[in-house]
Amino acid sequence: MKFAAAFTSLLLVSTAEAFAPVNAPQNVRYNVALSMAADKTTSKRKRALKHLGKIAGAVTTVAIATSTVPVPPAFAAASKTLKKGKQVKEVVEETSTFMTVLSALKTKKAIGLAAGAYAAIAVAGEVFGGSESEEAAPPVPAPVPAPAPPAAVITPEPVAAVVKQDFLEAEPYWDQSTIPVNVYKNKTPFTGKVVSTKRIVGPKATGETCHIIIDHDGDFPYWEGQSWGVIPPGTREKDGKPHSVRLYSIASSRYGDDMSGKTGSLCVRRATYWCPELQAEDPAKKGICSNFLCDTQPGDEVKMTGPAGKVMLMPEEDPSTDYIMVATGTGIAPYRGFIRRLFYEDTPAASAYKGEAWLFLGVANSDALLYDDEFQEAKKKFPDNFRIDYALSREQENKKGGKMYIQDKVEEYADEVFEKLSNG
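As numbered in our numbering, residues -9 to 414 make up the sequence shown, in order.
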């Protein structure tokens, strides 16, 4: 089968569980793909959605690799029977419940590449000035300040002046031959400094998620879709050895939230364990690395490795490429970098882009939505190029009256999704 020269459909699936050690065993991979291949009882189209549900189910709580508590199954299978469509083959790489889920759908006309791993839109307020009277008038009272945004809203630091983002581009910009990979390793990690750590979910969210900006002074370049490894301080209790590396998808574009090219961002959920016997959180079983990151203060140092990964990169050579992004929880991280690059920054990729980027995000409730203010602004500015669909498991119902999980939301648009893939 000949591969199309230009990829015009891309299905990207990610989960909130992207912080396991990098040395996870390889023998646990591809189990979903093999399971799907062995399932001969239903149509290929139904099996594709069924196994999409397995890997992109509504993950609202996670356990870190350092936890000693067994992790229950986190993915639910879709149950809706789809119409028989064109041949679709789903290949899924699942490196245990703690690894980023990598998924790709292949059609007869095109291949969609996907792997594990966002447009921050600066909210520009309109300034309304009062007209001056020809005659003298008493001073106009200052307008009442707008209320502070809720905890779930995060807005990047404003940029003093609009500067074209092209100083970190390849030549041509879509050429991936020079991408940096594993520049810093476990034995010689890079030391970054925390700029800020902010909680970005509301009070009713299931758990705490933080947006962490790290200064690398331009010495740790990366591309959208790559991951950073983080080595938490301290040693393991069982053998006294240093903690192993945890991978986190980078949640910013290569230019960083401040557009300087000297920072990068992580989106991290604090992993905790509720002990039914204690009726309280057990600090002995909390996630070591996620708690370290969420507790950091400005100026704290972070040991880092990478950047890791080459399979999550956006195929930018064809500017008409459609992106279908499916994520739950902090699995949104790499897609925020994508959306920033396409709809917020003045990059060659943004100037050329003519396709449609479609984001599916699953979380528990409205307070748990991540970067919603940025995504809504992107949708407002580029209604023909950016779409958003949320699955709120505790607030919405699916067609059968059950909880709305991410696979249920994708299923609502099954015909359109598969048409995009089939059309290549």
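The beta-carbon is built from N, C-alpha and C at its ideal position, and this holds for glycine as well.
Self-check item: Cα-Cα separation between H233 and I278, rounded to whole angstroms
Solution: Here the question's residue 233 lines up with position 243 in the sequence shown. Here the question's residue 278 lines up with position 288 in the sequence shown. Between the C-alpha atoms of H233 and I278 there is a straight-line separation of about 9 Å.
Self-check item: With 16 other Cβ atoms within 10 Å as the buried cut-off, status of R226
Solution: Numbered from 1 along the sequence shown, position 236 holds the residue referred to as residue 226. Classification of R226: exposed, given that the 10 Å Cβ count is below 16.
Quiz item: W218 to A323, Cα distance in whole Å?
Solution: Translated into positions along the sequence shown, residue 218 becomes position 228. Translated into positions along the sequence shown, residue 323 becomes position 333. Going from the Cα of W218 to the Cα of A323 covers about 12 Å.
Practice problem: Would you mind sorting E306 into buried or exposed? The rule is 16 or more other CB atoms within 10 Å of its CB. | Solution: Locating residue 306 in the sequence shown gives position 316, counting from the first residue. By the C-beta density criterion, E306 is buried, having at least 16 other C-beta atoms within 10 angstroms.
Quiz prompt | Alpha-carbon to alpha-carbon, L359 and S280 | solution = Reading the sequence shown from its first residue, position 290 is the one you call residue 280. Reading the sequence shown from its first residue, position 369 is the one you call residue 359. The straight-line gap from Cα to Cα measures roughly 19 Å.
Quiz item: What are the partner residues of T196, as DSSP defines its beta bridges?
Solution: Along the sequence shown, read from residue 1 onward, the residue named residue 196 stands at position 206. Per DSSP, none; premise fails for T196.
Quiz item: Apart from the five residues just before and just after M394, which ones in its own chain have a Cβ nearer than 7 Å to its Cβ?
Solution: Counting from one through the sequence shown, the residue named residue 394 turns up at place 404. Around M394: A381, L382, S383, Q386, E387 and N388.
Self-check item: F282 - DSSP class collapsed to helix/strand/coil
Solution: Counted from its first residue, the sequence shown places residue 282 at position 292. The answer is helix: DSSP assigns F282 an H, G or I state.
Quiz item: F333 to L303, Cα distance in whole Å?
Solution: Stepping through the sequence shown from its first residue, residue 333 is reached at position 343. Stepping through the sequence shown from its first residue, residue 303 is reached at position 313. So the two alpha carbons sit approximately 17 Å from each other.
Quiz prompt | Backbone secondary structure at I396 - three-state DSSP | solution = Here residue 396 is taken as the residue at index 406 of the sequence shown, counted from 1. Residue state, collapsed to three classes: helix.
Quiz item: Using the C-alpha atoms, what's the distance from G208 back to K293?
Solution: Residue mapping note: residue 293 aligns to position 303 of the sequence shown, counting from 1. Residue mapping note: residue 208 aligns to position 218 of the sequence shown, counting from 1. Near 16 Å, if we compare the C-alpha coordinates of G208 and K293.
Practice problem: For the beta strand (DSSP E) containing I221, list its first residue and its last residue. | Solution: One-based indexing of the sequence shown puts residue 221 at position 231. I221 -> beta strand (DSSP E) spans S217 to I221.
Practice problem: Would you decide whether T253 is buried or exposed? Buried here means 16 or more other CB atoms lie within 10 Å of its CB. | Solution: As a position in the sequence shown, residue 253 is number 263, starting the count at 1. Taking all protein chains shown into account, T253 has 16 or more neighbouring C-beta atoms within 10 Å of its C-beta and is therefore buried.
Quiz item: Within this structure, are the beta carbons of G197 and R259 separated by less than 8 Å?
Solution: Mapped onto the sequence shown, residue 197 falls at position 207. Mapped onto the sequence shown, residue 259 falls at position 269. Cβ distance < 8 Å, so G197 and R259 count as in contact.
Self-check item: Burial state of L268, where buried means 16 or more other Cβ atoms lie within 10 Å
Solution: For the purposes of this step, residue 268 is taken as the residue at position 278 of the sequence shown. L268 is exposed by the Cβ-count criterion.
Exercise. For the beta strand (DSSP E) containing K293, list its first residue and its last residue.
Key: Taking the sequence shown and counting its residues from 1, the one referred to as residue 293 is at position 303. Its beta strand (DSSP E) spans residues E291 to A298.
Exercise. Report yes or no: do the region 234 to 254 and the region 341 to 353 share at least 3 C-beta pairs separated by less than 8 Å?
Key: With the rule of 3 Cβ pairs closer than 8 Å, the region 234 to 254 does not count as touching the region 341 to 353.
Quiz item: Are T320 and T199 close, meaning C-beta to C-beta below 8 Å?
Solution: Counting from 1 along the sequence shown, the entry for residue 320 is found at position 330. Counting from 1 along the sequence shown, the entry for residue 199 is found at position 209. Cβ distance < 8 Å, so T320 and T199 count as in contact.
Quiz prompt | Close-in-space but distant-in-sequence residues of the same chain around P211 (CB under 6 Å, 5 per side omitted) | solution = Counting from 1 along the sequence shown, the entry for residue 211 is found at position 221. Closer than 6 Å at Cβ, skipping near neighbours: P170.
Quiz item: From L95 to G215, what does the alpha carbon distance come to, in whole angstroms?
Solution: Residue mapping note: residue 95 aligns to position 105 of the sequence shown, counting from 1. Residue mapping note: residue 215 aligns to position 225 of the sequence shown, counting from 1. Bear in mind that a pLDDT of 36 at L95, under 50, signals an unreliable position, so the number given afterwards is only what the model happens to contain. Approximately 18 Å between the Cα atoms of the pair.
Quiz item: What's the call for D374, buried or exposed, on a 16-neighbour Cβ count within 10 Å?
Solution: By 1-based counting over the sequence shown, the position of residue 374 is 384. Burial call: exposed.
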